[in-house]
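Read through the structure below, which is laid out as structure tokens, and then see the notes.
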Amino acid sequence: MFFQLPSSTQKIDNPPTLNMRCPSCSRLGSFRPIANFAVDAVISGASHRFSQYVCPNESCRCHLFVVFTPNKEVLASYPPERIDFDATDIPVSIRDSLEETLTCHSNGAFVAAAILVRRTLELLCHENGAAGKNLSDKLKDLRSKVTLSTELLDGLDHLRMLGNDAAHVESKSYDSIGKDEVEIAIEVTKEVLKSLYQHRALVNKLSGLKKTPQAEVASES
Numbered sequence: 006m007f008f009q010l011p012s013s014t015q016k017i018d019n020p021p022t023l024n025m026r027c028p029s030c031s032r033l034g035s036f037r038p039i040a041n042f043a044v045d046a047v048i049s050g051a052s053h054r055f056s057q058y059v060c061p062n063e064s065c066r067c068h069l070f071v072v073f074t075p076n077k078e079v080l081a082s083y084p085p086e087r088i089d090f091d092a093t094d095i096p097v098s099i100r101d102s103l104e105e106t107l108t109c110h111s112n113g114a115f116v117a118a119a120i121l122v123r124r125t126l127e128l129l130c131h132e133n134g135a136a137g138k139n140l141s142d143k144l145k146d147l148r149s150k151v152t153l154s155t156e157l158l159d160g161l162d163h164l165r166m167l168g169n170d171a172a173h174v175e176s177k178s179y180d181s182i183g184k185d186e187v188e189i190a191i192e193v194t195k196e197v198l199k200s201l202y203q204h205r206a207l208v209n210k211l212s213g214l215k216k217t218p219q220a221e222v223a224s225e226s
């Protein structure tokens, strides 16, 4: 997103605290300004204010440039806010690919994000030993390798088609590759990864808290 400043701007003292999510640590917080002023500019008939902020998380302290309205609505930030993603227990190659997808999405590079969703599927198949001459065949083989609901398995094939459309000039399955399509694709991908890796890890942690067989016998006697 670009903001073209007019020739005349105004200095506003003491810019407000802004509530937003940090693009670096993903935590919500009240961001305080670094400078004691903001620049106010009227763009397309509406007041826009520009200033610099810092993440309140002491272990992060990410520096942001923020555009907001007089009523403190955040219009844009740089670095831009990303879709929240819990990478716990997800294989590194898959995690890195989806992280790059989220970066592309946050910068409005939706076609690139859709292509990276497809790449994430390729890595998912590789990680689970699914083979085939193309991604369609690999996803069919994946059905016998993992435990997923039919709906999520079907969703993977829709993601493949979205990635195909993004990678080729002529779309065959989707009318466009834009914000809505990519955001839904990311959410489906997150649900698949959560089901495959995070649910399993959560159950394993719970199982690890159980008593040993000897302890169970002792408690019963």
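Under this note's numbering, the first residue of the sequence shown is numbered 6, with each subsequent residue one higher. Quick reminder that beta carbons are idealized off the backbone N, C-alpha and C, glycines included. Please read these numbers as outputs of a predicted model, since none were measured by experiment.
### Query
If you draw a straight line from the C-alpha of K145 to the C-alpha of R32, how long is it?
Against the sequence shown, residue 145 aligns to sequence position 140. Against the sequence shown, residue 32 aligns to sequence position 27. Cα to Cα, the separation comes out at about 38 Å.
### Task
With a threshold of 16 other CB atoms inside 10 Å of the CB of L207, please say whether the residue is buried or exposed.
As a working mapping, residue 207 is identified with position 202 in the sequence shown. The residue is exposed, with fewer than 16 neighbouring Cβ atoms inside 10 Å.
### Segments of 4+ residues assigned as alpha helix (DSSP H) that fall wholly inside the segment 120-168
Listed in chain order, the complete alpha helix (DSSP H) runs (minimum 4 residues) inside the segment 120-168 are 140-147.
#### Entry: Neighbourhood of N19 by C-beta, 7 Å cutoff - its chain only, sequence neighbours within 5 removed
Along the sequence shown, one-based indexing puts residue 19 at 14. The residues N41, in chain order, have a CB closer than 7 Å to that of N19 in the same chain once the five nearest residues on each side in sequence are set aside.
### Query
Going by the CB atoms, is the gap between K150 and G168 shorter than 8 Å?
What you label residue 168 is simply residue 163 of the sequence shown in a count that begins at 1. What you label residue 150 is simply residue 145 of the sequence shown in a count that begins at 1. No, these two residues do not count as a Cβ contact at 8 Å.
### Query
Which residues in the same chain as V197 place their Cβ atom closer than 8 Å to its Cβ, once the five residues preceding and following it in sequence are excluded?
Within the sequence shown, the letter at position 192 stands for residue 197. Counting only Cβ-Cβ distances below 8 Å, and skipping sequence neighbours, we find L129, L153, L157, G160 and L161.
### Task
Return the bridge partner residues of K16 from the DSSP annotation.
Sequence index remark: in the sequence shown, residue 16 carries index 11 (1-based). In the DSSP output, where bridge partners are listed per residue, K16 has V44.
#### Entry: Unbroken alpha helix (DSSP H) run spanning V110, endpoints
For this step, residue 110 is matched to residue 105 along the sequence shown. The question names Val, but residue 110 in the sequence shown is His. V97 to S111 is the span of the alpha helix (DSSP H), which, as asked, contains H110.
### Task
Please go through the same chain and pick out, in chain order, the residues whose beta-carbon is closer than 8 Å to the beta-carbon of N112, but skip the five residues on each side of it.
By one-based count along the sequence shown, residue 112 stands at place 107. Apart from sequence neighbours up to five positions away, the residues of its chain that approach N112 with a beta-carbon distance below 8 Å are P85, ordered along the chain.
### Task
Decide if the segment 120-128 is in contact with the segment 93-109; the criterion is three or more beta carbon pairs, one per stretch, under 8 Å apart.
Judged by Cβ distances under 8 Å, the segment 120-128 makes contact with the segment 93-109, as three or more pairs qualify.
### Query
Would you say P75 and S52 are within 8 Å of each other, going by their C-beta atoms?
Within the sequence shown, residue 75 is the residue found at index 70, counting from 1. Within the sequence shown, residue 52 is the residue found at index 47, counting from 1. Contact flag set, yes.
### Task
If I'm right that T253 touches V122 with Cβ under 8 Å, what's the distance once you round it to whole angstroms?
Only positions 6 to 226 of the chain appear in this structure, which leaves residue 253 out of reach.
### Query
Out of curiosity, what's the CA-to-CA distance linking H68 and K143?
Position 63 of the sequence shown, counted from the first residue, corresponds to residue 68. Position 138 of the sequence shown, counted from the first residue, corresponds to residue 143. So the two alpha carbons sit approximately 42 Å from each other.
#### Entry: Strand pairing of G34, partner residues [DSSP]
In the sequence shown, residue 34 corresponds to position 29, counting from 1. For G34, which the question treats as bridged, DSSP gives the partners M25.
### Query
Taking the alpha-carbon positions, what's the T155 to E78 distance?
Here residue 155 refers to the residue found at position 150 when the sequence shown is read from its first residue. Here residue 78 refers to the residue found at position 73 when the sequence shown is read from its first residue. Using only the alpha carbons, I get a separation of about 41 Å.
### Query
Roughly how many angstroms lie between the CA atoms of I39 and E186, to the nearest whole one?
In the sequence shown, the residue the question calls residue 39 occupies position 34. In the sequence shown, the residue the question calls residue 186 occupies position 181. One C-alpha to the other measures close to 36 Å.
### Query
What are the boundary residues of the beta strand (DSSP E) that A51 is part of?
As a working note, residue 51 is residue 46 in the sequence shown. Bounds of the beta strand (DSSP E) holding A51 are A51 to V59.
#### Entry: Closest by C-alpha distance to L140, when choosing among A117, C27 and L164
Translated into positions along the sequence shown, residue 140 becomes position 135. Nearest option by C-alpha distance: L164.
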